[in-house]
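Here the structure comes first, spelled out in structure tokens, and everything after it is commentary.
Number of protein chains: 2
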Amino acid sequence: MSESPKSKVISIKGLKVACGECSLHDLCLPVGISQSDMERLEHIIKRKRPIQKNDFLFHSGDGLNSLYAIRSGSVKTFSLTDDGQEQILGFHLPGELLGLDAIHDLVHHCSGRALETTSICEVPFEELEDLASQIPGLQQQLFRLMSKELQSDESFMMVLGKKTSEERLSNFLLNLSMRFKQRGFSGSEFNLSMSRNDIANYLGLAVETVSRLFTRFQNAGLIEVNRKLITITDMDGLRALAGAKCKKDEQSASN
Amino acid sequence: MSESPKSKVISIKGLKVACGECSLHDLCLPVGISQSDMERLEHIIKRKRPIQKNDFLFHSGDGLNSLYAIRSGSVKTFSLTDDGQEQILGFHLPGELLGLDAIHDLVHHCSGRALETTSICEVPFEELEDLASQIPGLQQQLFRLMSKELQSDESFMMVLGKKTSEERLSNFLLNLSMRFKQRGFSGSEFNLSMSRNDIANYLGLAVETVSRLFTRFQNAGLIEVNRKLITITDMDGLRALAGAKCKKDEQSASN
DNA sequence: CGCTGCTTTGAACAACTTCAACTTCTGTGG
DNA sequence: CCACAGAAGTTGAAGTTGTTCAAAGCAGCG
Numbered sequence: 000m001s002e003s004p005k006s007k008v009i010s011i012k013g014l015k016v017a018c019g020e021c022s023l024h025d026l027c028l029p030v031g032i033s034q035s036d037m038e039r040l041e042h043i044i045k046r047k048r049p050i051q052k053n054d055f056l057f058h059s060g061d062g063l064n065s066l067y068a069i070r071s072g073s074v075k076t077f078s079l080t081d082d083g084q085e086q087i088l089g090f091h092l093p094g095e096l097l098g099l100d101a102i103h104d105l106v107h108h109c110s111g112r113a114l115e116t117t118s119i120c121e122v123p124f125e126e127l128e129d130l131a132s133q134i135p136g137l138q139q140q141l142f143r144l145m146s147k148e149l150q151s152d153e154s155f156m157m158v159l160g161k162k163t164s165e166e167r168l169s170n171f172l173l174n175l176s177m178r179f180k181q182r183g184f185s186g187s188e189f190n191l192s193m194s195r196n197d198i199a200n201y202l203g204l205a206v207e208t209v210s211r212l213f214t215r216f217q218n219a220g221l222i223e224v225n226r227k228l229i230t231i232t233d234m235d236g237l238r239a240l241a242g243a244k245c246k247k248d249e250q251s252a253s254n
Numbered sequence: 000m001s002e003s004p005k006s007k008v009i010s011i012k013g014l015k016v017a018c019g020e021c022s023l024h025d026l027c028l029p030v031g032i033s034q035s036d037m038e039r040l041e042h043i044i045k046r047k048r049p050i051q052k053n054d055f056l057f058h059s060g061d062g063l064n065s066l067y068a069i070r071s072g073s074v075k076t077f078s079l080t081d082d083g084q085e086q087i088l089g090f091h092l093p094g095e096l097l098g099l100d101a102i103h104d105l106v107h108h109c110s111g112r113a114l115e116t117t118s119i120c121e122v123p124f125e126e127l128e129d130l131a132s133q134i135p136g137l138q139q140q141l142f143r144l145m146s147k148e149l150q151s152d153e154s155f156m157m158v159l160g161k162k163t164s165e166e167r168l169s170n171f172l173l174n175l176s177m178r179f180k181q182r183g184f185s186g187s188e189f190n191l192s193m194s195r196n197d198i199a200n201y202l203g204l205a206v207e208t209v210s211r212l213f214t215r216f217q218n219a220g221l222i223e224v225n226r227k228l229i230t231i232t233d234m235d236g237l238r239a240l241a242g243a244k245c246k247k248d249e250q251s252a253s254n
């Protein structure tokens, strides 16, 4: 496949894969890990050549061989309903680790597919687990990562369970904004790598609804939409939409 | 599976908390762990006196001190939307471990509340983490447990994102049925410890809808409802409802 | 008994979906 | 460079599912 990683990890400069140097290193695996431990970790990580838009990173049903960390680009994960339609489970940005849900039974229950040209670090799971048992800091970091994903799943359940279409979309945009910002990109202007269809699917809405919402948000002066490019022009307004809906002001009375 | 592997669990008889003897031990923490390691684990677990219906196990905002394993009874977890309404995130049965989502930042982001009189094993998290770093089998089991929760969250997202009210409720009943069966109870007749309101809330529906569905399911001969007691009389019929909906038979043509 | 809270049922209403048509974009080949 | 075909996105109007509102039925409990 790609270049071999056995090239003595010391000289980080010459190394393609270097977590310590990676701009994402505080999002990704190594946190609070010593230099030498970090090198051991880097040693097991494989850098694969970039995958193209629509390429699969893994398929539902595949055995779990590796976890995948996104270096650049973006990936969607999804599974199929009984009647064969896609349900998108998440959109994943650089610095995120995919495949954690397959640890349970060592089988992927969703598929991962690139939304654009994407480069990936592959982390063989067995070796990672082994290393984690030797490096407490790594174990802890893995626990935290998984827990974080549980948290974000939970907050997403709230979106799907209680929120209106307006709240869902504004929530979605703000979530992306936050994550882009965290990664050093602009939080107020970014490209959506996924289609409207994907957004709708993810949010449990019809494409048409999403489309209408985009124009409604634009007309309301909250965002500017240029095809895939979104500019948030009124962050607070968007936040207001995403949060408490005031459809019942009388709630203060009943409360 | 069920029969104890080796009952030389020392004088477990005298021990209040004995995972090795616990009927839930294959659901809960210890799996593939040596006898002596198991004892170390049991040593850090505290058995608390049963909590009563509506008592809180932990509050949203609390620091994470312990994980909680349910021995008997049931618990709901929920958080509040910005406008103060409850969103139920899950119902938890004996053998399940609560609080994993708080590991990330050591703060609970949801509350846990007993649905009935419930007894709990408290597992101090720091000590557990410490132990996990010494016992690879324990680390692995924790990874698996968290991963399993990720999986079930994902399948629930599918329910909320794509399923109709009928599919949601039948899904819910089948899920409970399966879990009861797994725990040695009847899978076809069980008590709902949660209110209709809670069910509706969890499934993202209105109470009225859930109520109507119960009567509809009963009229269709799928279940029998006696207040909180549910008897599933047509498991396959219920499964059919939960799975692929046939609202479009023409899909075979378009597919 | 007569509360009180939970559940059920009916009827009107709203939000979102579905269907259908049209527009814009993208990439390909002449 | 333009034409064209297909995909993606937008917009309008009709249709449905599930919600909301209102009220009655029921069990549990002081």
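Quick mapping for you: the protein sequence lines, in order, are chains F and P.
Taking numbering that gives the first Met the number 0, I'd label the letters of the first sequence as residues 0 to 254.
Taking numbering that gives the first Met the number 0, I'd label the letters of the second sequence as residues 0 to 254.
Ideal Cβ placement from N, Cα and C applies to all residues, glycine included.
Report yes or no: is there a C-beta of chain F within less than 9 Å of the C-beta of P123/P?
-> Working through the second sequence from its first residue, we reach residue 123/P at position 124. With 9 Å as the cut-off, P123/P does not count as an interface residue toward chain F.
For C109/P, return the contacting residues in chain F, with the cut-off set at a CB-CB distance below 8 Å.
-> By one-based count along the second sequence, residue 109/P stands at place 110. Simply E153.
Check whether the Cβ atoms of F57/P and Y67/P lie closer than 9 Å to each other.
-> Along the second sequence, read from residue 1 onward, the residue named residue 57/P stands at position 58. Along the second sequence, read from residue 1 onward, the residue named residue 67/P stands at position 68. Closer than 9 Å, so yes.
Is the closest heavy atom of the ligand NAD to the C-beta of K180/P under 8 Å?
-> The ligand NAD is absent from the structure shown, which contains no ligands of any kind.
How many angstroms separate the CA atom of V209/F from the CA atom of Q217/F?
-> Looking up residue 209/F in the first sequence gives position 210. Looking up residue 217/F in the first sequence gives position 218. Approximately 12 Å between the Cα atoms of the pair.
How would you write the range of the alpha helix (DSSP H) that V146/F sits in, first residue to last?
-> Indexing the first sequence from 1 puts residue 146/F at position 147. Here residue 146/F turns out to be Ser, not Val, going by the sequence shown. Start and end: 135-161.
Could you tell me the distance, in whole angstroms, from the CA atom of L63/F to the CA atom of I102/F?
-> If you number the first sequence from 1, residue 63/F lands on position 64. If you number the first sequence from 1, residue 102/F lands on position 103. Taking the straight line joining both Cα atoms gives about 7 Å.
Cβ-Cβ distance between S154/F and S132/P below 9 Å = Working through the first sequence from its first residue, we reach residue 154/F at position 155. Working through the second sequence from its first residue, we reach residue 132/P at position 133. Result no, Cβ atoms of S154/F and S132/P do not sit closer than 9 Å.
Which residues in the same chain have their Cβ closer than 8 Å to the Cβ of G136/F, if we skip the five residues on either side of it in sequence?
-> In the first sequence, the residue the question calls residue 136/F occupies position 137. So the list reads V30, G31, I32, S33, D36, once near-sequence residues are dropped.
Measure the C-alpha to C-alpha separation of L173/P and L149/F and round it to an integer number of angstroms.
-> Walking along the second sequence from the start, residue 173/P turns up at place 174. Walking along the first sequence from the start, residue 149/F turns up at place 150. Straight across, the Cα-Cα distance linking L173/P with L149/F is about 23 Å.
Can we say the segment 196-216 of chain F touches the segment 163-172 of chain F, given the rule of at least three CB pairs closer than 8 Å?
-> Yes, the segment 196-216 of chain F is in contact with the segment 163-172 of chain F.
What does a CB cutoff of less than 7 Å around F55/P pick up in its chain, not counting 5 residues either side in sequence?
-> Taking the first residue of the second sequence as position 1, residue 55/P is located at position 56. Closer than 7 Å at Cβ, skipping near neighbours: S110, G111, R112.
Whose C-beta lies closer than 7 Å to the C-beta of S192/P among residues of the same chain, with five residues either side of it excluded?
-> Here residue 192/P is taken as the residue at index 193 of the second sequence, counted from 1. Result list for S192/P: S73, L114, E115, in chain order.
Cβ neighbour criterion (16 or more within 10 Å) applied to L237/P | Counted from its first residue, the second sequence places residue 237/P at position 238. By the 10 Å Cβ count, L237/P comes out buried.
What residues match up with C120/P in a beta bridge as DSSP calls it?
-> What you label residue 120/P is simply residue 121 of the second sequence in a count that begins at 1. For C120/P, which the question treats as bridged, DSSP gives the partners R46/P, A68/P.
Selected residue, minimal CA-CA separation from N53/P, among D197/P, L212/P, T232/P, L40/P | The sequence position of residue 53/P within the second sequence is 54, counting from 1. Nearest C-alpha to N53/P among D197/P, L212/P, T232/P, L40/P: D197/P.
Hey, does N200/F have any beta-carbon neighbour from chain P nearer than 9 Å?
-> To locate residue 200/F, count along the first sequence from 1; it is residue 201. For N200/F, the answer is yes, since a Cβ of chain P falls inside 9 Å of its Cβ.
Roughly how many angstroms lie between the CA atoms of I43/P and E85/F, to the nearest whole one?
-> For the purposes of this step, residue 43/P is taken as the residue at position 44 of the second sequence. For the purposes of this step, residue 85/F is taken as the residue at position 86 of the first sequence. Looking at the two C-alpha atoms, the distance is approximately 44 Å.
Helix or strand or just coil, what does DSSP make of A113/P?
-> Start at 1 with the first residue of the second sequence, and residue 113/P comes out as number 114. Three-state result, A113/P: strand.
If I'm right that L144/P touches F142/F with Cβ under 8 Å, what's the distance once you round it to whole angstroms?
-> In the second sequence, residue 144/P corresponds to position 145, counting from 1. In the first sequence, residue 142/F corresponds to position 143, counting from 1. In this structure L144/P does not touch F142/F by the C-beta definition: roughly 11 Å separates them, more than the 8 Å allowed.
Going along chain F in order, which residues have a C-beta closer than 8 Å to the C-beta of K161/P?
-> On the second sequence, residue 161/P is found 162 positions in, with the first residue counted as 1. Correct list: T80, Q84, Q86, G203.
Limits of the unbroken alpha helix (DSSP H) element including E166/F | As a position in the first sequence, residue 166/F is number 167, starting the count at 1. For E166/F, the enclosing alpha helix (DSSP H) stretches over residues 164-181.
Cβ-based neighbour list, G220/F, same chain, cut-off 8 Å, excluding 5 preceding and 5 following | As a first step, residue 220/F is located in the first sequence; it is residue number 221 there, counting from the start. Same-chain partners within the cutoff: T232, D233, G236.
Same chain, Cβ closer than 6 Å to R92/P, neighbours up to 5 away in sequence not counted | Within the second sequence, numbered from 1, the residue matching residue 92/P stands at position 93. Per the sequence shown, the amino acid found at residue 92/P is Leu instead of Arg. Correct list, in chain order: S73, R178.
So which residues of chain P does S192/F contact, with C-beta pairs closer than 8 Å?
-> As a first step, residue 192/F must be located in the first sequence, where it is residue number 193. The contacting residues do not exist; S192/F stays about 20 Å from chain P at best.
Please determine, among R70/P, N170/P, G60/P, the residue with the shortest C-alpha to C-alpha distance to P49/P.
-> On the second sequence, position 50 is the one that residue 49/P refers to. Comparing Cα positions, the closest option is R70/P.
So what's I222/P in DSSP terms, helix, strand or just coil?
-> Taking the first residue of the second sequence as position 1, residue 222/P is located at position 223. The answer is strand: DSSP assigns I222/P an E or B state.
Alpha-carbon to alpha-carbon, E188/F and I229/F = Counted from its first residue, the first sequence places residue 229/F at position 230. Counted from its first residue, the first sequence places residue 188/F at position 189. Distance between the alpha carbons of I229/F and E188/F is about 6 Å.
Look at the alpha carbon of L212/F and the alpha carbon of I222/F, and state the distance between them as a whole number of angstroms.
-> The residue you call residue 212/F lines up with position 213 of the first sequence. The residue you call residue 222/F lines up with position 223 of the first sequence. Straight-line Cα distance between these residues: approximately 11 Å.
Output yes or no for whether 9 Å exceeds the beta carbon distance between R46/P and E121/P.
-> To locate residue 46/P, count along the second sequence from 1; it is residue 47. To locate residue 121/P, count along the second sequence from 1; it is residue 122. Yes; because the gap between Cβ atoms is below 9 Å, this pair is in contact.
Along chain F, which residues have their Cβ under 7 Å away from the Cβ of G242/P?
-> Indexing the second sequence from 1 puts residue 242/P at position 243. Within chain F, the residues near G242/P are D81.
Closer than 9 Å to chain F by CB, P93/P | Mapped onto the second sequence, residue 93/P falls at position 94. Chain F, which has no Cβ nearer than 9 Å to the Cβ of P93/P, makes this no.
Return helix, strand or coil for F184/P, following the three-state DSSP convention.
-> By 1-based counting over the second sequence, the position of residue 184/P is 185. In the structure shown, F184/P sits in coil (DSSP, three-state: anything other than H, G, I, E or B).
Name, please, each residue of chain P whose Cβ falls closer than 9 Å to the Cβ of E126/F.
-> In the first sequence, residue 126/F corresponds to position 127, counting from 1. Chain P residues near E126/F: none, gap ~13 Å exceeds 9 Å.
Would you say D235/P reaches chain F, if we count a Cβ-Cβ gap shorter than 9 Å as a contact?
-> Your numbering for residue 235/P matches position 236 in the second sequence. With 9 Å as the cut-off, D235/P does not count as an interface residue toward chain F.
K7/F versus G98/F: straight-line alpha-carbon distance, rounded | What you label residue 7/F is simply residue 8 of the first sequence in a count that begins at 1. What you label residue 98/F is simply residue 99 of the first sequence in a count that begins at 1. Summary for K7/F: the model assigns pLDDT 39, below 50, so the residue's position carries little reliability; its value from the coordinates is reported in the next sentence. Here the C-alpha atom of K7/F lies approximately 28 Å from the C-alpha atom of G98/F.
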